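Visitor: For the sequence shown, the numbering used here gives the first residue as 13, with consecutive numbering after it.
Ideal Cβ positions, reconstructed from N, Cα and C, are used throughout, including at glycine.
This structure is a prediction, so every number in the text was calculated from the model and none was measured.
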Amino acid sequence: MYAHGRTTNRLFIRKLEESDKVIWKDFFIHNPSLPFLGIDLNKTPEESARDWINFQFKRYAENRYGHHALINKDTNEFIGMCGLLTQIVEDKQEIEIGYSLLPKFWGFGYATEAAIFFRDFGFGHEKLDHIISIIDIRNIASQNVAKKNGMTINRQIRYHDLDVYIFQITENEWKTLNAKFK
Numbered sequence: 013m014y015a016h017g018r019t020t021n022r023l024f025i026r027k028l029e030e031s032d033k034v035i036w037k038d039f040f041i042h043n044p045s046l047p048f049l050g051i052d053l054n055k056t057p058e059e060s061a062r063d064w065i066n067f068q069f070k071r072y073a074e075n076r077y078g079h080h081a082l083i084n085k086d087t088n089e090f091i092g093m094c095g096l097l098t099q100i101v102e103d104k105q106e107i108e109i110g111y112s113l114l115p116k117f118w119g120f121g122y123a124t125e126a127a128i129f130f131r132d133f134g135f136g137h138e139k140l141d142h143i144i145s146i147i148d149i150r151n152i153a154s155q156n157v158a159k160k161n162g163m164t165i166n167r168q169i170r171y172h173d174l175d176v177y178i179f180q181i182t183e184n185e186w187k188t189l190n191a192k193f194k
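(1) Using DSSP with H/G/I as helix, E/B as strand and the rest coil, what is residue 111?
(2) Does the Cβ of residue 136 have 16 or more other Cβ atoms within 10 Å, making it buried, or fewer, making it exposed?
(3) Would you call the stretch 169–180 and the stretch 120–140 in contact, with 3 or more CB pairs under 8 Å?
(4) Within 10 angstroms of the Cβ of residue 102, are there 16 or more other Cβ atoms? Answer buried if so, exposed if not.
(5) Starting from residue 91 and walking both ways along the alpha helix (DSSP H), at which residues does that stretch end?
(6) Would residue 62 pass as a contact of residue 85 if the rule is Cβ separation under 7 Å?
(7) Would you mind giving the Cβ-Cβ distance between residue 108 and residue 83, rounded to the nearest angstrom? I have them listed as a contact below 8 Å.
(8) Could you have a look at residue 35 and say whether DSSP puts it in helix, strand or coil?
(9) If you follow the beta strand (DSSP E) that residue 145 is in, where does it begin and where does it stop?
(10) If distances are taken between C-alpha atoms only, which option among 127, 160 and 98 comes closest to residue 111?
(11) Pull the bridge partners of residue 175 from the DSSP assignment, please.
(12) Can you round the beta-carbon distance between residue 38 and residue 114 to whole angstroms, since I take them to be within the 8 Å contact cut?
(13) Starting from residue 51, trace the alpha helix (DSSP H) both ways and give me its first and last residue.
(14) Whole angstroms is fine: what's the gap from residue 150's alpha carbon to residue 49's?
See the structure below:
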């Protein structure tokens with residue numbers, strides 16, 4: 013897959029595997045962020061994990077990017093997912109950076125680290141002109157990740173029956189951001 017085998021300071025990035033479904037079910041247990049995701053909350057954790065990962069396999073097969081597994085390099089633990097995602101927003105195809113971590117790994121900067129990697133990958137390797145993140149207006153933690161990723165709120169819309177912000181960063185904004193750190 014497009015980012016398989018790459019690394020960040022603390023993370024190994026690989027394509028998702030069938031065996032990840034067993035671990036990913038924990039994402040759907042006692043997770044206060046679930047109402048922000050626009051998913052069917054009546055499914056069992058096992059059904060939700062299966063459907064979520066199967067949808068990523070479909071994205072891979074259709075060359076529509078998809079989430080990748082995030083593995084802690086020191087402990088080899090599966091901590092969550094991040095990736096570029098092809099989305100249709102207001103009848104227009106967009107590329108989103110999406111991230112979801114198992115709750116026990118929240119607050120350690122992993123989502124930001126992974127999101128920055130995929131932002132840089134999107135602009136540096138995929139030559140995108142802009143990238144978005146679609147975030148429920150109630151999801152302050154994900155909004156903070158987007159801000160740390162150099163994104164700003166572009167607009168507020170209704171998306172999959174949720175009120176969301178469309179955060180965005182353009183290629184020119186990314187170049188300016190990178191120039192500050194060189």
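Guide: This is what the structure gives:
(1) One-based indexing of the sequence shown puts residue 111 at position 99. Three-state result, residue 111: strand.
(2) Reading the sequence shown from its first residue, position 124 is the one you call residue 136. Under this definition residue 136 is an exposed residue.
(3) no
(4) Residue numbering aside, residue 102 sits at position 90 when the sequence shown is read from its first letter. Exposed: under 16 other Cβ atoms inside 10 Å.
(5) Position 79 of the sequence shown, counted from the start, is the residue given in the question as residue 91. Not the alpha helix (DSSP H): residue 91 falls in the beta strand (DSSP E), residues 90–101.
(6) Here residue 62 is taken as the residue at index 50 of the sequence shown, counted from 1. Here residue 85 is taken as the residue at index 73 of the sequence shown, counted from 1. No, the pair does not count as a contact, with Cβ atoms beyond the cut-off.
(7) For the purposes of this step, residue 108 is taken as residue 96 along the sequence shown, with counting starting at 1. For the purposes of this step, residue 83 is taken as residue 71 along the sequence shown, with counting starting at 1. With a Cβ gap of about 22 Å, residue 108 and residue 83 do not count as contacting.
(8) Walking along the sequence shown from the start, residue 35 turns up at place 23. Helix, per DSSP.
(9) Position 133 of the sequence shown holds residue 145. Segment 142–148, the beta strand (DSSP E) holding residue 145.
(10) One-based indexing of the sequence shown puts residue 111 at position 99. Of the listed residues, the one whose Cα sits closest to residue 111 is 127.
(11) The residue you call residue 175 lines up with position 163 of the sequence shown. Partner(s): 170.
(12) Taking the first residue of the sequence shown as 1, we reach residue 38 at position 26. Taking the first residue of the sequence shown as 1, we reach residue 114 at position 102. Rounded, the Cβ-Cβ distance is 6 Å, consistent with contact.
(13) Locating residue 51 in the sequence shown gives position 39, counting from the first residue. Here residue 51 belongs to no alpha helix (DSSP H), and DSSP marks it neither H nor E.
(14) The residue labelled residue 150 in the question sits at position 138 within the sequence shown. The residue labelled residue 49 in the question sits at position 37 within the sequence shown. Residue 150 and residue 49: Cα-Cα distance of roughly 11 Å.
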